[in-house]
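The next block holds one structure in the form of structure tokens; read it before the comments.
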Amino acid sequence: MTNALEIKGLSKEYKLGKGKSFFALKEIDLSLEKGKVLGLIGHNGAGKSTLLKILSRITYPSSGEIDVYGKLSSLLEVGTGFHPELSGRENIYLNGSILGMTKSEIKERFADIVAFAGVEEFLDLPVKRYSSGMYVRLAFAVAAHLDAEVLLIDEVLAVGDAEFQKRCLQRMDSLSKEKERSIVFVSHNMSAIVKLCDEVAWLEKGQIIARGAPQEIIDQYLAKTAELNRDIPVHLRDDREGDGRAKIVDISIAKNKIGQFFTSGSRLNLAVKFELSNAKAQNFKLELHLFNSRGNYLSTFSHSANLTGLKQESWLCEVKDLNLMPGDFFFNAHLYLDGQRADFVGRAFYFKVIDEKSEDNEIAISRQNPGIYLLNTWTTLKP
Amino acid sequence: MLYNFAYRDYRARYAQTLLGYGWAIIQPIMAAAVLFFLFHNLLKVETQGVAFLSFTFSGLLFWNYFAFVLSQSSASLISAQSMLQKIYFPRIILPLSKGLLGLVELSITLVIFLFIAFADAQVESLGLLSFIPLIISVLAAAWGLGLWLSALSIRYRDLQQALPFLLQMLFFISPIAYSPALVQERLPESMQALYYLNPISGILELFRAALFNLEYHPQAWLSILVAFLLFISGWWYFHRVERKIADLI
């Protein structure tokens with residue numbers, strides 16, 4: 163197999179002054195085969211984006227070697243390079259040209275780009291009038307039609323709706339499978355990584371600490387993540403996403419304070435507190451997504467209401483019957499203001515469900531993939 | 005790509021404005037009117053025997069382009085910060101594209117100038133041809149300084165504050181609305197060449213000499229040399245720091 167990308171001993175050092183320095187990347191060795199998709203995972207600040215920036219020549223390494231076979235293009239942020247005053251049509255040409263396409267190449271793909279983005283009717287409208295969804299779709303569409311042998315894509319799936327995310331993934335998949343394009347893909351969306359990638363590299367503190375088959379590496383990564391975030395209170399977490407107009411400051415068990423242990427079928431009362439910045443907003447929507455320790459999604463508790471105008475909002479979420487199998491669970495917390503995501507904290511709250519019968523607990527722990535408990539009773543049937 | 009960047013700025017500049025190109029017409033005319041009142045009516049300065057409006061407008065023609073390209077290109081990196089951190093493209097395109105953008109207003113000013121000059125003064129039509137090499141020299145000077153300042157202002161943001169002040173000083177020491185002789189007369193022989201270290205001085209003198217059939221100082225050519233030296237050194241320095249732009253900005 164031929165390689166599309168080879169990296170040897172790549173380091174990036176930032177001088178902090180007073181003789182101190184910081185290695186954003188340290189001695190990275192990595193290669194990518196032609197037509198394959200490599201996923202990069204790791205916590206914020208692990209060096210994923212720095213690596214993509216170096217590969218796309220935005221910033222330069224302190225030492226090391228990079229060989230790219232063919233043209234390389236990158237989409238590190240959706241919509242940079244778009245000018246809000248220009249029309250969709252003009253922005254396609256402008257952005258395409260900035261990303262390295264010639265005018266005739268853009269012309270050739272113009273219809274495909276427009277169709278992919280689904281903005282036919284709005285082509286001559288300035289993009290500042292576009293909805294955020296349309297904006298994102300158009301930006302991705304331009305990048306997805308680049309004729310590069312190697313494509314770098316940073317967390318772009320964090321935006322856009324589910325339907326569009328699906329199309330993005332399909333497009334990337336067909337680029338790699340049908341056109342033999344090689345892709346380096348950074349995401350926090352583990353299910354997207356599993357679906358799309360042939361191989362995953364896990365970056366931590368500027369170094370690759372594991373590399374291999376997607377599901378295997380992701381399982382290791384999630385187990386480590388769970389350990390790391392477990393004891394940090396929500397208001398101290400800085401690995402947030404969202405535009406910052408509001409901040410979830412507390413998630414805790416209310417009323418029945420018996421620690422973070424529950425028995426199956428018991429009542430769960432969660433108190434959620436969030437603080438608003440000065441931004442004006444009419445309403446909010448809180449969503450708590452329930453996952454088991456393996457990172458499998460189970461359910462969502464959500465609530466929306468008008469804001470009262472106070473600096474802080476406190477809400478209580480009551481779950482009457484916590485019908486879960488024994489095991490570890492956590493919530494991801496999302497907060498939307500006027501429909502736009504203002505805050506997101508992954509693994510914001512952990513709890514454990516235990517069973518009175520200790521042997522059931524052991525089964526659950528050995529399986530580490532607990533699901534929902536459905537009430538069941540057994541009786542003998544007479545033949 | 006140069007054209008695309010210039011086009012982007014061009015569209016943005018005139019989007020949602022009431023007067024649009026009107027500004028390109030009003031600005032130099034207002035400036036000329038103020039200078040006419042101050043320098044001609046009040047101070048009664050000498051303009052090498054050329055009608056004051058033609059003389060001054062020929063100065064503004066070059067000056068406005070110079071000032072526009074210089075101020076836009078020096079700010080070009082800082083104002084494109086987010087793009088510089090997310091997209092790769094040859095960085096030098098940003099400051100250089102401003103030279104192209106300035107051509108829009110330059111050509112409008114040129115048309116006004118021609119109307120005024122032919123109505124108001126004795127014009128040597130062939131001398132008009134000198135406009136092309138001379139405006140290229142002005143562009144070289146503006147690009148050169150712009151490359152220096154844009155690259156330096158990544159580290160030293162204060163340059164952005166110093167620039168308007170610098171431009172204002174340069175406007176007054178350049179012979180835009182008065183005859184260069186006014187300054188030269190007061191300088192000793194040995195210092196006269198220094199006057200042409202300001203590229204605007206010599207370039208303006210040469211243009212007027214060709215257009216209005218005037219004498220010019222033998223050392224005025226020095227300005228053209230300075231303009232191209234600025235351009236070459238600016239280009240060199242920009243390439244030297246280009247790799248660090250995204251890290252430092």
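As they're listed, the protein sequences go chains A and B. The opening position of the first sequence corresponds to residue 163 in this note's numbering, with each subsequent residue numbered one higher. The opening position of the second sequence corresponds to residue 5 in this note's numbering, with each subsequent residue numbered one higher. We put the beta carbon where it would ideally sit given N, CA and C, even for glycine.
Please state the DSSP three-state secondary structure of residue i.
{"i": "A/H307", "result": "coil"}
{"i": "A/S225", "result": "strand"}
{"i": "B/A19", "result": "coil"}
{"i": "A/P288", "result": "strand"}
{"i": "B/G148", "result": "helix"}
{"i": "A/L167", "result": "strand"}
{"i": "A/I355", "result": "helix"}
{"i": "A/E361", "result": "strand"}
{"i": "A/I413", "result": "strand"}
{"i": "A/N206", "result": "coil"}
{"i": "A/I516", "result": "strand"}
{"i": "B/H243", "result": "helix"}
{"i": "B/L107", "result": "helix"}
{"i": "A/L172", "result": "strand"}
{"i": "B/V115", "result": "helix"}
{"i": "A/W477", "result": "strand"}
{"i": "A/V312", "result": "strand"}
{"i": "B/E189", "result": "coil"}
{"i": "A/A504", "result": "strand"}
{"i": "A/L261", "result": "coil"}
{"i": "B/T125", "result": "It is Ala, not Thr, that sits at residue 125 of chain B in the sequence shown. In this structure, B/A125 counts as coil in the three-state DSSP scheme."}
Who are the neighbours of residue i on chain A, taking C-beta pairs under 8 Å?
{"i": "B/K3", "result": "In the structure as shown, chain B starts at 5 and stops at 253, and residue 3 of chain B therefore has no counterpart that could be examined."}
{"i": "B/S205", "result": "The premise fails here: B/S205 is roughly 38 Å from chain A at the closest Cβ pair, so nothing lies under 8 Å."}
{"i": "B/N8", "result": "Y255, L256, S259, I260"}
{"i": "B/R15", "result": "H245, E247, L248, E252"}
{"i": "B/A155", "result": "Within chain A, no residue comes near B/A155; the closest Cβ sits about 16 Å away, beyond 8 Å."}
{"i": "B/M5", "result": "S259, I260"}
Return the chain-ordered list of same chain residues with a C-beta closer than 6 Å to the C-beta of residue i, the five sequence neighbours on each side being excluded.
{"i": "B/A214", "result": "G131, S134"}
{"i": "B/Y92", "result": "none"}
{"i": "B/L110", "result": "Y69"}
{"i": "B/F72", "result": "G106"}
{"i": "A/I268", "result": "Y255, G258"}
{"i": "A/S461", "result": "L452"}
{"i": "A/A433", "result": "S414, A416, L478"}
{"i": "B/A146", "result": "F70, V73, L74"}
What does residue i reach in chain A if we use C-beta pairs closer than 9 Å?
{"i": "B/F72", "result": "Ordered by position in chain A, no residue passes the 9 Å Cβ test against B/F72, which lies about 19 Å from the chain."}
Can you tell me where the alpha helix (DSSP H) with residue i in it begins and where it stops?
{"i": "A/D274", "result": "265-279"}
{"i": "A/H496", "result": "Run containing A/H496: none in the alpha helix (DSSP H); it sits in the beta strand (DSSP E), 489-499."}
{"i": "A/R373", "result": "Careful: A/R373 lies outside any alpha helix (DSSP H), inside the beta strand (DSSP E) at 369-374."}
{"i": "A/S236", "result": "No alpha helix (DSSP H) holds A/S236; the beta strand (DSSP E) holding it covers 234-237."}
{"i": "B/L64", "result": "56-83"}
{"i": "B/V49", "result": "B/V49 -> no alpha helix (DSSP H), and no H or E assigned at all."}
{"i": "B/L174", "result": "162-177"}
At 7 Å on the CB atoms, spell out the chain A contacts of residue i, in chain order.
{"i": "B/R244", "result": "Within chain A, no residue comes near B/R244; the closest Cβ sits about 13 Å away, beyond 7 Å."}
{"i": "B/S86", "result": "T242"}
{"i": "B/M34", "result": "Within chain A, no residue comes near B/M34; the closest Cβ sits about 26 Å away, beyond 7 Å."}
{"i": "B/F93", "result": "I260"}
{"i": "B/R247", "result": "Y222"}
{"i": "B/R12", "result": "H245, L248, L256"}
Kindly list the residues whose CB is nearer than 7 Å to the CB of residue i, restricted to its own chain and excluding five residues on each side of it in sequence; keep chain order.
{"i": "B/I120", "result": "L57, S58, F61"}
{"i": "A/E342", "result": "K196, G197"}
Taking 8 Å as the limit between beta carbons, can you name the residues of its chain near residue i, skipping five residues before and five after?
{"i": "A/G262", "result": "K233, S235, L308, A310"}
{"i": "B/L233", "result": "G148"}
{"i": "B/S178", "result": "G63, W67, N202, I204, S205, L208"}
Could you spell out where the beta strand (DSSP E) holding residue i opens and where it closes?
{"i": "A/S193", "result": "182-195"}
{"i": "A/F436", "result": "430-438"}
{"i": "A/L450", "result": "445-454"}
{"i": "A/N468", "result": "459-468"}
{"i": "A/F347", "result": "344-348"}
Does the beta-carbon of residue i, which I'm using as the reference point, lie nearer than 7 Å to any heavy atom of the ligand SAM?
{"i": "A/K290", "result": "Summarising the ligand content, the structure contains no ligands, and the ligand SAM is consequently not present."}
Could you name the residues of chain B that residue i contacts, counting a contact when the two beta carbons are closer than 8 Å?
{"i": "A/K215", "result": "Q89, A250"}
Is there at least one Cβ from chain C nearer than 8 Å to residue i's Cβ?
{"i": "B/R159", "result": "The structure shown contains no chain C; the protein chains it does contain are A and B."}
Cβ pair count under 8 Å reaching 3, the region 354-371 of chain A against the region 186-199 of chain A:
yes
Is it the case that the region 463-477 of chain A contacts the region 432-450 of chain A, given that we only count it when at least three CB pairs across the two stretches are under 8 Å?
yes
Should the region 15-23 of chain B be regarded as contacting the region 139-159 of chain B, the criterion being three or more beta carbon pairs within less than 8 Å?
no
Taking one C-beta from the region 173-185 of chain B and one from the region 42-53 of chain B each time, how about it: are there three or more such pairs within less than 8 Å?
yes
Segment contact, 8 Å Cβ cut-off, at least three pairs: the region 402-419 of chain A with the region 497-511 of chain A:
yes
Are at least three pairs of beta-carbons, each pair with one atom in the region 206-221 of chain A and one in the region 378-386 of chain A, less than 8 Å apart?
no
Does the region 78-86 of chain B come close enough to the region 532-544 of chain A that 3 or more CB-CB pairs lie under 8 Å?
no
Within 8 Å, do at least three Cβ pairs link the region 399-409 of chain A to the region 376-383 of chain A?
no
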